[in-house]
Amino acid sequence: MKKPPFGDTRLLALPSLLTALCWGCGPQAGEPVEGDATRADAAPLEVRAEGGTGHRAFRVMTYNVRGPLDTGVRAWPNRKAAVIERILANNADIVGVQEAQHPSGGPDVPADLIAGLTGTGKPYGVYNPGGGSPKLIFFKTSRFEIASEVGHGNEALVNPYATTAGCYSHAQGKKISWVGLRDLTSGQVYFVANTHFAYAAECFLGRLKEAAQMGAFLATKPAGLPVVAMGDFNSDAQSVSTRDESTIADLEAAGHLFRTARHDGTTGVDEATFNSAWDGTPSSNYARLDYIFHSGGAITSSAPSIDRTESGGNTPSDHFAVLATIRPSLFAAGSTLSPVPSGASAATRLFFADVTGDGCADRISWNPEAGEGETWVAKSKCDGSFAPAVKNAGAVSVVATTRFFFADVTGDGCADKVLWRPTLGDGEVRIYPSRCDGTFGDRVSFFPAASQSESTRLFFADVTGDGCADLLRWNPNERGGAFETFIAKRGTTPSFGAAVLSKEGANTSEFTRVYFADVDGDGKADRLLWNPGQDGGRTRVYRSAGTGAFAFAFAHEAGTSGVDTSRFYFADVDGDGKADKLFWRPTFREGRMQIYPGTGTGFAGSPVMDNTGFSGSENTDFFFANIDGQGGADKVYWNPSAYNGDSKVFRALAQ
Numbered sequence: 001m002k003k004p005p006f007g008d009t010r011l012l013a014l015p016s017l018l019t020a021l022c023w024g025c026g027p028q029a030g031e032p033v034e035g036d037a038t039r040a041d042a043a044p045l046e047v048r049a050e051g052g053t054g055h056r057a058f059r060v061m062t063y064n065v066r067g068p069l070d071t072g073v074r075a076w077p078n079r080k081a082a083v084i085e086r087i088l089a090n091n092a093d094i095v096g097v098q099e100a101q102h103p104s105g106g107p108d109v110p111a112d113l114i115a116g117l118t119g120t121g122k123p124y125g126v127y128n129p130g131g132g133s134p135k136l137i138f139f140k141t142s143r144f145e146i147a148s149e150v151g152h153g154n155e156a157l158v159n160p161y162a163t164t165a166g167c168y169s170h171a172q173g174k175k176i177s178w179v180g181l182r183d184l185t186s187g188q189v190y191f192v193a194n195t196h197f198a199y200a201a202e203c204f205l206g207r208l209k210e211a212a213q214m215g216a217f218l219a220t221k222p223a224g225l226p227v228v229a230m231g232d233f234n235s236d237a238q239s240v241s242t243r244d245e246s247t248i249a250d251l252e253a254a255g256h257l258f259r260t261a262r263h264d265g266t267t268g269v270d271e272a273t274f275n276s277a278w279d280g281t282p283s284s285n286y287a288r289l290d291y292i293f294h295s296g297g298a299i300t301s302s303a304p305s306i307d308r309t310e311s312g313g314n315t316p317s318d319h320f321a322v323l324a325t326i327r328p329s330l331f332a333a334g335s336t337l338s339p340v341p342s343g344a345s346a347a348t349r350l351f352f353a354d355v356t357g358d359g360c361a362d363r364i365s366w367n368p369e370a371g372e373g374e375t376w377v378a379k380s381k382c383d384g385s386f387a388p389a390v391k392n393a394g395a396v397s398v399v400a401t402t403r404f405f406f407a408d409v410t411g412d413g414c415a416d417k418v419l420w421r422p423t424l425g426d427g428e429v430r431i432y433p434s435r436c437d438g439t440f441g442d443r444v445s446f447f448p449a450a451s452q453s454e455s456t457r458l459f460f461a462d463v464t465g466d467g468c469a470d471l472l473r474w475n476p477n478e479r480g481g482a483f484e485t486f487i488a489k490r491g492t493t494p495s496f497g498a499a500v501l502s503k504e505g506a507n508t509s510e511f512t513r514v515y516f517a518d519v520d521g522d523g524k525a526d527r528l529l530w531n532p533g534q535d536g537g538r539t540r541v542y543r544s545a546g547t548g549a550f551a552f553a554f555a556h557e558a559g560t561s562g563v564d565t566s567r568f569y570f571a572d573v574d575g576d577g578k579a580d581k582l583f584w585r586p587t588f589r590e591g592r593m594q595i596y597p598g599t600g601t602g603f604a605g606s607p608v609m610d611n612t613g614f615s616g617s618e619n620t621d622f623f624f625a626n627i628d629g630q631g632g633a634d635k636v637y638w639n640p641s642a643y644n645g646d647s648k649v650f651r652a653l654a655q
């Protein structure tokens with residue numbers, strides 16, 4: 001295992017806590033993916049209904065209940081109670097049902113479902129488009145009502161096959177039922193669609209045509225309303241039988257949609273939504289056929305799940321119920337694009353910190369291979385963009401191993417510039433006080449924290465809560481892996497107290513990544529450790545005592561990783577004063593970032609999917625800082641091989 005880059009030990013500029021981005025936060029080796037983040041920018045923004053107040057989380061369920069095709073224990077009359085029970089037990093706010101058939105002379109599945117779920121004492125209302133196999137859409141009457149100004153409909157899907165073709169019957173009569181639903185708690189209206197595509201592996205042409213038609217329909221018919229779409233699409237791009245089929249990807253692209261759950265590799269037992277052993281024959285033919293989509297923009301998803309509950313030794317249907325929560329996005333889909341000096345160079349490093357004291361993080365760049373190795377400050381315009389970068393005089397370096405930090409160590413509200421290199425001088429820490437105008441004053445050297453070891457790592461974070469960034473030093477090969485804190489002293493001249501040794505959480509592994517962020521919301525930065533080879537890849541949190549000492553608080557069970565290329569970030573992106581946990585790996589979840597909101601005593605057990613600025617490239621780097629001065633930490637995307645090396649800012653949305 002290779003030694004991890006210093007970029008994985010970065011500190012994050014939190015909106016409520018002045019910290020610094022550490023040296024080495026530039027790109028890692030790898031080839032960029034063409035078109036990173038472009039479709040995220042294309043996702044439509046919300047159009048709020050008259051009187052609406054925004055988005056509030058709600059639960060969605062899609063369920064293929066299997067038509068009345070079977071006899072014996074699997075006959076509809078013998079399992080309808082179990083199907084209804086699963087719907088009620090999952091307690092979703094919106095439920096889309098497929099294969100609710102009403103064959104001539106057979107059981108009336110739609111009538112049974114409607115009777116079991118709606119009416120006096122029942123929680124649901126229903127849109128029933130009618131027909132032999134209506135795509136019913138149930139909704140909780142305590143939460144939603146049909147929006148009369150939007151209405152409802154039943155869009156017929158194309159059948160591309162001749163009547164003599166074997167696939168004709170498999171694609172015949174397919175439709176999209178849709179309805180406008182108003183959230184009674186917010187006034188926001190959603191365009192909700194439910195469908196069932198052609199089945200059988202050989203009938204992929206039908207599904208491709210249906211995906212194109214549905215995508216075009218959802219890109220235009222909702223007229224700007226946020227979309228929630230669901231159904232049985234009979235296609236799995238990750239299964240053995242249909243992995244070369246582009247149905248799901250085509251639907252996403254054409255309809256500007258995003259899946260509520262993404263998986264890597266071949267579909268296995270944990271991802272399958274079809275119970276291939278339902279007929280009593282053991283099977284390992286796993287397939288993911290059922291999906292929930294949303295239109296992105298101001299909404300995203302979290303907590304995807306699959307209900308595999310059995311009743312009488314089998315599931316109530318040959319499909320499992322699939323669920324997800326639709327909730328407000330954490331970042332706006334639209335981004336601002338700003339040029340970076342030497343931004344197309346892999347040697348460039350970026351930092352984000354408020355060097356002017358206006359509450360908005362500025363962008364600082366440095367490239368040891370350009371010019372005299374000077375730093376460039378681009379002042380934030382407090383709208384997600386930056387003014388043209390201005391070159392700094394002094395404190396330059398053409399040595400790639402130099403490490404820069406930007407943090408307010410004096411407590412004047414403006415981040416100071418810090419330079420350290422183990423081979424520079426006696427390894428002292430050099431601080432250049434900010435003039436609060438984007439420039440920095442004369443050097444002040446701090447010798448007690450000096451180190452000439454390449455293994456030493458420095459961090460700047462306010463662990464005492466006094467508004468001054470303290471200096472923290474750690475070397476896995478020294479002091480038994482214990483941490484030292486030099487508490488900053490407020491004043492015009494940078495100064496620190498004597499070292500405070502913290503043995504709690506001492507770590508002697510070179511592969512350990514260290515972070516500082518205010519996890520519990522008390523205004524003091526806590527220490528976080530992650531090592532892919534320790535504690536099952538869990539994130540361990542040590543709470544700051546405010547004196548330079550730390551005590552173990554918890555290990556986060558979710559969001560673990562034993563993969564060295566995983567990247568973790570900790571920043572308050574939702575603006576509640578508590579740091580959230582962000583996880584990204586370019587080969588994981590198709591490059592989407594997973595966000596575990598902070599609760600004050602831990603992190604959520606299920607992540608929020610972030611569809612903005614996604615990337616499958618190792619060259620991509622992300623940063624989190626309050627660039628617009630509002631709400632939570634904004635997200636910055638930068639890849640030297642994309643967008644001419646410009647930086648992209650995705651602003652945090654108010655929660």
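Numbering (UniProt numbering), first residue to last: 1 to 655.
All C-beta atoms, glycine included, are put in the ideal place defined by N, C-alpha and C.
{"Asked": "Measuring CB to CB, does Ala272 end up less than 8 Å from Ala303?", "Found": "no"}
{"Asked": "From the DSSP secondary-structure annotation, give me the bridge partner or partners of Glu155.", "Found": "Ile176"}
{"Asked": "Need the endpoints of the beta strand (DSSP E) that His294 sits in, please.", "Found": "Asp290 to His294"}
{"Asked": "What runs of the alpha helix (DSSP H), each 4 residues or longer, lie entirely inside the segment 68-132?", "Found": "76-90 and 109-117"}
{"Asked": "From the DSSP output, in three-state form, read off Ala654 for me.", "Found": "coil"}
{"Asked": "Please state whether the Cβ-Cβ distance between Ala407 and Ala415 is less than 8 Å.", "Found": "yes"}
{"Asked": "Please state whether DSSP places Arg207 in a helix, a strand or coil.", "Found": "helix"}
{"Asked": "Put Thr356 into one of helix, strand or coil per three-state DSSP.", "Found": "coil"}
{"Asked": "If Ser544 sits next to Ala517, beta carbons under 8 Å apart, how far is it from one beta carbon to the other, in whole angstroms?", "Found": "Actually they do not touch by this definition, with Cβ atoms about 10 Å apart."}
{"Asked": "Under 8 Å between the Cβ atoms of Val573 and Gly632?", "Found": "yes"}
{"Asked": "For Phe550 versus Tyr515, is the C-beta spacing smaller than 8 Å?", "Found": "no"}
{"Asked": "Below 6 Å CB to CB, which residues in the same chain sit around Ala654 once its five sequence neighbours on both sides are set aside?", "Found": "Gly631"}
{"Asked": "Using a Cβ-Cβ cutoff of less than 7 Å, which residues in the same chain neighbour Gln101 once the five nearest sequence positions on both sides are dropped?", "Found": "Gly67, Pro68, Val109, Gly132 and Ser133"}
{"Asked": "Quick check: the Cα distance between Thr336 and Ser566, rounded to an integer number of angstroms?", "Found": "26 Å"}
{"Asked": "Between the beta-carbon of Phe486 and the beta-carbon of Leu471, is there less than 8 Å?", "Found": "yes"}
{"Asked": "Using 8 Å as the threshold, is the C-beta distance between Asp621 and Gly343 below it?", "Found": "no"}
{"Asked": "Please say whether Phe405 and Ile627 have beta carbons closer to each other than 8 Å?", "Found": "no"}
{"Asked": "By the three-class DSSP mapping on this structure, what secondary structure does Glu149 have?", "Found": "coil"}
{"Asked": "If we call anything under 8 Å between Cβ atoms a contact, is Asp412 one with Cys436?", "Found": "yes"}
{"Asked": "Three or more beta-carbon pairs under 8 Å between the segment 210-226 and the segment 81-96, yes or no?", "Found": "no"}
{"Asked": "DSSP has Pro328 in a bridge; who is on the other side?", "Found": "Ile299"}
{"Asked": "Could you check the C-alpha separation between Ala171 and Ala200 for me, to the nearest Å?", "Found": "10 Å"}
{"Asked": "Using only the alpha-carbon positions, how far apart do Asp232 and Tyr63 sit?", "Found": "8 Å"}
{"Asked": "In three-state DSSP terms, what is Arg479?", "Found": "helix"}
{"Asked": "So which of Asn644, Gly629, Gly613 and Ser641 has the shortest CA-CA distance to Phe331?", "Found": "Gly613"}
{"Asked": "I believe Ala147 touches Val189 by the beta-carbon criterion, under 8 Å. Please report the beta-carbon distance rounded to the nearest angstrom.", "Found": "5 Å"}
{"Asked": "What are the start and end residues of the beta strand (DSSP E) that includes Leu458?", "Found": "Arg457 to Ala461"}
{"Asked": "Report the start-end ranges of each beta strand (DSSP E) in the segment 244-293 that is 3 residues or longer and not cut off at the edges.", "Found": "none"}
{"Asked": "If we ignore side chains and look at the alpha-carbon of each, how far apart do Leu45 and Ala298 end up?", "Found": "Reliability of the predicted coordinates at Leu45 is poor, the pLDDT of 31 falling under 50, and the value obtained from them is presented with this limitation in mind. So the two alpha carbons sit approximately 6 Å from each other."}
{"Asked": "Measure the C-alpha to C-alpha separation of Glu99 and Val179 and round it to an integer number of angstroms.", "Found": "18 Å"}
{"Asked": "Between Asp128 and Gly105, what straight-line distance do the alpha-carbon atoms span, to the nearest angstrom?", "Found": "Going by the sequence as given, residue 128 is Asn instead of Asp. Rounded to whole angstroms, Asn128 to Gly105 spans 20 Å at the Cα level."}
{"Asked": "DSSP state of Gly52, grouped into three classes?", "Found": "Caution is warranted here: a pLDDT of 38 is assigned to Gly52, below 50, making its placement in the model unreliable, and the coordinate value is therefore given only provisionally. Looking at Gly52 - three-state DSSP - the assignment turns out to be coil, as it is neither helix nor strand."}
{"Asked": "Determine, using beta-carbon pairs with one atom in the segment 585-592 and one in the segment 256-267, whether at least three such pairs fall under 8 Å.", "Found": "yes"}
{"Asked": "Which residue comes first and which comes last in the beta strand (DSSP E) that contains His196?", "Found": "Val189 to His196"}
{"Asked": "What distance in whole Å lies between the Cβ atoms of Ala400 and Val429, which are believed to be in contact at a cut-off of 8 Å?", "Found": "About 19 Å; that fails the 8 Å criterion."}
{"Asked": "Using a 10 Å radius around the Cβ and a threshold of 16 neighbouring Cβ atoms, would you call Gly559 buried or exposed?", "Found": "buried"}
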